[in-house]
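Mapping to full-length UniProt numbering: the sequence shown position 134 is 134, numbers consecutive.
Note that CB positions come from ideal geometry on N, CA and C, so glycine has one too.
Written out below as structure tokens is the structure these notes cover.
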Amino acid sequence: MEQTLMLIKPDGVATGHIGDVISRLERRQFTITALKVVQKATTAQLTAHYADKVNEAFFPGLVSYMQSGPLVALIVSGTDVVHACHQMAGATKPSEALPGTIRGDFGRLWDDGAIKNVVHSSDRIEAAAHEIDIWFPELSELTES
Ligand code: CMP
């Protein structure tokens, strides 16, 4: 079954939207295959997760945003789940995300320059497999042993 990686980012946790995100996924009949609270993401996890962003000027701010509080990591399973969850997340900037999407409904604008956008959702199947390994390394260790 296809799987994707979602993160409920520190702003999404702090503003109380863990339940909202999970209930939207369940309403779509997707299965939560794994779920964990990460008290503080490590710089190594974030550098691996955002490997294509490390040279961006906003990268240090992105790391401090992602380390500003606990986040929730989820593996979500179902047919076409990568595309569907990416669509459900909505546009990167909450100001551009449509109503009905997670970011459009729960995102807000912050005045510190960071784009805080409630959730992350893998954008491709290959990215999902890589990101699942970053946030759930214990699962790939289990399948390797
Ligand atoms: P996400 O979908 O997790 O993928 C990359 C993240 O980088 C994005 O959400 C935003 O949180 C952040 N981001 C992308 N572009 C910018 C930008 N121009 N300025 C600040 N943060 C950004």
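For residue i, count neighbouring C-beta atoms within 10 Å of its own C-beta (all shown protein chains included) and say buried if the count is 16 or more, exposed if not.
{"i": "W135", "result": "buried"}
{"i": "F58", "result": "exposed"}
{"i": "R108", "result": "exposed"}
Nearest-angstrom Cα distance between residue i and residue j?
{"i": "N117", "j": "S140", "result": "28 angstroms"}
{"i": "S95", "j": "Q67", "result": "23 angstroms"}
{"i": "G19", "j": "R27", "result": "12 angstroms"}
{"i": "K9", "j": "H17", "result": "10 angstroms"}
{"i": "A48", "j": "P99", "result": "31 angstroms"}
{"i": "T15", "j": "R24", "result": "16 angstroms"}
{"i": "P70", "j": "W110", "result": "18 angstroms"}
{"i": "I115", "j": "F106", "result": "13 angstroms"}
DSSP has residue i in a bridge; who is on the other side?
{"i": "S121", "result": "M6"}
{"i": "A34", "result": "I75"}
Using 9 angstroms as the threshold, is the C-beta distance between residue i and residue j below it?
{"i": "E2", "j": "G78", "result": "yes"}
Can you check which of these residues, the options, is closest to residue i by C-alpha distance?
{"i": "L7", "options": "E56, E131, P137", "result": "E131"}
{"i": "I102", "options": "V72, A114, S121, G113", "result": "S121"}
{"i": "I137", "options": "K36, F30, M88, A97", "result": "The displayed chain sequence assigns Pro, not Ile, to residue 137. If we check each option's Cα against that of P137, K36 comes out closest."}
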